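Novice: Dumping the structure here so I can ask a few things about it.
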Amino acid sequence: MKFTWFNLMPWPDLPDDFREKNRSVWVDIDQNLFDPERAHTVYNTYMDLLEYAGTVGFDGIGVNEHHQNGYGIMPSPNIIAAGLARRTKDTALVVLGNSIALYNPPVRVAEEFAMLDCISGGRLVAGFPVGTSMDTNFCYGQIPSLTREKYAEAHELIIRAWTEREPFAFNGRYNKLRYVNIWPRPIQQPHPPVHIPGGGSVETYDFCIDNTYSYSYLSFSGYIRAKALLQGYWDRVAERNAPDASPYRAGFAQTICVAETDEEAERLYWPHVNYFYNRCLHVYPGFADAPGYRTIKTIQTGALSQYAPPRGGYTELTWKDLVEGGHVIAGSPETVRQRMEDLIKGLNVGNIFCLMHVGNMPADKCMYSTKLFAEKVLPHLRNIFPEWADDDRFWCKPLNKMAKPGSLPSERDAAEAVSAALV
Amino acid sequence: MMELKTVKTEHVPVQYLEGGSGQPLVYLHGAGGMTAGDPLLTKLAESFHVHAPYLPGYGESEEAPELRDMLDITLHTLDVVDALGLKDPILVGHSMGGMIASEMAALAPHDISRLGLICPSGLWLDDHPIVDIFATLPFEMPALMFHDAVAGAAMMTAGRNVSDPNFLQTYLVQNARQLGMAGRILFPIPDRGLASRMYRIKAKTIVVWGDSDRAIPPVYAQEFKRRIKGAQLVSIPEAGHMVIFEKTDQVADAIKRLA
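Those protein sequence lines, which keep their order, are chains G and A.
This note's numbering puts the first residue of the first sequence at 41, with every later residue one more than the last.
This note's numbering puts the first residue of the second sequence at 176, with every later residue one more than the last.
So this is what it looks like as structure tokens:
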């Protein structure tokens, strides 16, 4: 099993009447709610938490890309990952990911990921999302019905840039480049492992199967509701005669809160879970799914955006709703272990993206929950798929010997060495 | 009575509605699509031989993924006129159709001598943003599209069973097909450079606008009038962007001036 500690980086100060006074947390969120000085502390605390998670036993720490979003103040995950690369040692850096259709030209992604891989010593796990409609269409202006074609071209360009050893010309529809010849290129060969966040489109299932990429379902609605979607993926894996159904072909994001007891979990975490589910996810439905963004085939299979309003409209979700519905796995270490086991076996997923920072959770509670999960839950889940223990196709392969930050000699030693060189 | 027919093009077979007799007229529909029962078609067919092609993706027309941008769609529509065997028909377009018609008239000024633009898109004024139809929910549409929102809502839902559970999926598929195609020239801002090409238009042009258009405000009528040499403006009171439904006769009368 691979466990990645994930932080969406929510803005922690959305007001109590946010839902009543604002139409959306995303795209056209009120500028007045953002405070750059406050953000200085918020970013640094969030990066501290990611670094902390890298020391307690998680396999990876994860970041992602959103734009103009009150629950994800990380338009450039690569900037955060670069900071983390310097301050962590052996944890994977899971950048899930760069919305490659938004980079012009997308060789920028090939370059920045190569830099991250080189700086971190081969610790990069790369993600290539199509991007939500909010990010890709409404914030970044991509034409909905051409987004997937542009994405496919960007993917081809990045993989070629990573793997070819001669400068080449790329005559794409969206990218005309006479000399593609990235410097640097990644340590990991032929290229870093790739995870693709998807929301149930058949095209994305096939794309992952064809390229041996891991399919990640990054929902906030929990493992019970994810069953049908991941079953669709596994059915497709069988249908397409993929060589195996390794659980590492799939990943899943789950909100997790651990305390000493179930009651304590509710007492400690409910305010922050409430903040996230009842405030941060307040997305104007008109932004959920620009017409043309989803393919006809996908709409016909009934896969609607997870941001579309539920049937019957929005209501306030209670702790009981969220825990029983599986949106949140919360409770004592034993409760969480049982439910995680249900999740992992039920969905057949080897990569878990643990959403352990929730909403406006302060650092102390987040550390407490993280530590309990790492010490009392994670060890019991490690070997659920022993037959796939050697499957390393979907995870990073760091160098054996790593450079360390702070490698410079003392100023005195440096001066002496210079003197010696001059003799 | 409009009849549904098909004509071959280089891209996909194009469906079109045909009816009436008189001078040939080509009508290009807006982003919301078109049906055989649209009152303006019926009205125009009383005076003209009307041909109203569906843009690929609209109605039952096949999608044409290879039509990606304004030039593709403009040339495709010129191809359709050609395939219909028409020479210099009166060219009329509503909203997105007006944008395509303007582009055709700018690209082929010697082939199009009469142009009817009914609240066309195609221009952008920073001080007067056009409504974002791609982020507009169905229930928000009538107030933006009609002078009389209540009557407009009734028109939009006429003949549809909105309580049918399959309705949502059918609606979403149709929306994805239609607006997916429209987005190629309208998203996120319906400006593909028409302003810089409008000087080429030689056609006698009538611009028709509803005074209470909240989707594309009437200030754009002045802009079209200003940029097309000799264009005449017909402003229609108590009509919104769906002026073709709300004031069908007045729109038809304005178009008849091109005969």
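Every residue, glycine too, gets a C-beta built ideally from N, C-alpha and C.
Since this is a predicted model, take the numbers as computed values, not measurements.
Going straight from the alpha carbon of Ile-120/G to that of Ala-141/G, what length do you get?
Specialist: 20 Å
Novice: Under three-state DSSP, which class holds Ala-209/G?
Specialist: strand
Novice: Taking DSSP's pairing of strands, which residues face Asn-391/G in a bridge?
Specialist: Asn-391/G pairs with Lys-42/G and Gly-291/G.
Novice: Looking at Ile-101/G and Leu-133/G, is the spacing between their C-beta atoms short of 8 Å?
Specialist: yes
Novice: Quick one: residues in its chain with C-beta nearer than 8 Å to the C-beta of Gly-161/G, no 5 flanking neighbours on either side, listed in chain order?
Specialist: Ile-227, Pro-438, Leu-439, Met-442 and Ala-443
Novice: Between Ile-113/G, Leu-270/G and Cys-248/G, which has its C-alpha nearest Tyr-83/G's C-alpha?
Specialist: Ile-113/G
Novice: Which residues in the same chain as Cys-436/G place their Cβ atom closer than 7 Å to its Cβ, once the five residues preceding and following it in sequence are excluded?
Specialist: Ala-132, Gly-162, Arg-163, Leu-164, Val-165, Gln-228, Pro-232 and Pro-233, listed in sequence order.
Novice: Based on Cα-Cα distance, which residue from Ala-390/A, Arg-401/A, Gln-344/A and Pro-231/A lies nearest to Thr-380/A?
Specialist: Arg-401/A
Novice: Take every Cβ of the region 375-393 of chain A, pair it with every Cβ of the region 287-305 of chain A, and state whether three or more of those distances are shorter than 8 Å.
Specialist: yes
Novice: If the cut is a Cβ gap below 7 Å, which residues of chain A does Pro-52/G touch?
Specialist: Those do not exist, as Pro-52/G stays about 27 Å from chain A at its closest Cβ, beyond 7 Å.
Novice: According to DSSP, which residues form a beta bridge with Phe-193/A?
Specialist: Note that residue 193/A corresponds to Glu in the displayed sequence, not to Phe. Beta-bridge pairing links Glu-193/A to Glu-178/A and His-226/A.
Novice: Hey, Tyr-257/G and Phe-292/G: beta-carbon distance below 8 Å or not?
Specialist: One thing to note: Tyr-257/G has its Cβ within 8 Å of the Cβ of Phe-292/G.
Novice: Are the C-beta of Thr-311/A and some C-beta of chain G separated by less than 8 Å?
Specialist: yes
Novice: DSSP beta-bridge partners for Ala-370/G?
Specialist: Cys-297/G
Novice: Hey, Pro-50/G and Phe-316/G are a contact pair by Cβ (cut 8 Å); roughly how many whole angstroms apart?
Specialist: 7 Å
Novice: Taking the straight line between their C-alpha atoms, what separation do you get for Asp-107/G and Pro-184/G?
Specialist: Correcting the residue type first, residue 107/G is His in the shown sequence and not Asp. Distance between the alpha carbons of His-107/G and Pro-184/G: 16 Å.
Novice: Following the continuous beta strand (DSSP E) through Arg-218/G, name the residue where it begins and the one where it ends.
Specialist: Note, Arg-218/G: beta strand (DSSP E), 216-220.
Novice: With H, G and I counted as helix, E and B as strand and the rest as coil, what does DSSP make of Arg-289/A?
Specialist: Arg-289/A falls in the strand class under three-state DSSP.
Novice: Under 7 Å Cβ to Cβ from Ala-227/A, same chain only, skipping five residues before and after it: list those, please.
Specialist: Exclusion of the five residues before and after Ala-227/A leaves Tyr-191, Leu-192, Tyr-202, His-204, Met-209 and Leu-216 as the residues of its chain whose Cβ lies within less than 7 Å of its Cβ.
Novice: Would you call the region 66-77 of chain G and the region 408-422 of chain G in contact, with 3 or more CB pairs under 8 Å?
Specialist: no
Novice: What residues in its chain sit with their C-beta under 8 Å from that of Lys-422/A, if we drop five residues either side in the sequence?
Specialist: Around Lys-422/A: Gly-385, Ile-411, Glu-413 and Ala-414.
Novice: Whose C-alpha, out of Val-368/G, Tyr-324/G and Asp-250/G, is nearest the C-alpha of Glu-306/G?
Specialist: Val-368/G
Novice: List the residues that DSSP assigns as beta-bridge partners of Pro-237/G.
Specialist: Ser-256/G
Novice: Within 8 Å, do at least three Cβ pairs link the region 252-268 of chain A to the region 281-293 of chain A?
Specialist: yes
Novice: Less than 8 Å between the C-beta atoms of Leu-354/A and Phe-309/A, yes or no?
Specialist: yes
Novice: Name the chain A residues whose beta carbon is nearer than 8 Å to that of Ile-339/G?
Specialist: Those within 8 Å of Ile-339/G in chain A are Gln-344, Leu-347, Val-348 and Ala-351.
Novice: Determine the DSSP secondary structure at Ser-185/G, reduced to helix, strand or coil.
Specialist: Reduced to three states, the DSSP call for Ser-185/G is helix.
Novice: Using 8 Å as the cut-off, can you tell me whether the region 274-287 of chain G makes contact with the region 239-251 of chain G, which would need three or more C-beta pairs spanning the two stretches below that distance?
Specialist: yes
Novice: Considering just the uninterrupted stretch of the alpha helix (DSSP H) at Ile-159/G, what are its terminal residues?
Specialist: 147-160
Novice: Of the residues His-186/A, Val-189/A, Val-306/A and Thr-311/A, which one's Cα is nearest the Cα of Tyr-324/G?
Specialist: Thr-311/A
Novice: Would you tell me roughly how many angstroms separate the C-alpha atoms of Ala-370/A and Val-267/A, rounded to the nearest one?
Specialist: 19 Å
Novice: For Glu-178/A and Gly-195/A, which I take to be in contact (beta-carbon distance under 8 Å), what is that distance rounded to the nearest angstrom?
Specialist: Glu-178/A to Gly-195/A, Cβ: 10 Å. No contact.
Novice: Taking the alpha carbon of Lys-405/G as the reference point, which residue from Tyr-111/G, Asp-250/G and Cys-297/G has its own alpha carbon closest?
Specialist: Lys-405/G has its Cα closest to that of Cys-297/G, out of Tyr-111/G, Asp-250/G and Cys-297/G.
Novice: DSSP on His-303/A, reduced to helix/strand/coil?
Specialist: coil
Novice: Is Lys-379/A helix, strand or coil by DSSP?
Specialist: strand
Novice: So, with DSSP's three-state summary, where would you put Val-348/A?
Specialist: helix
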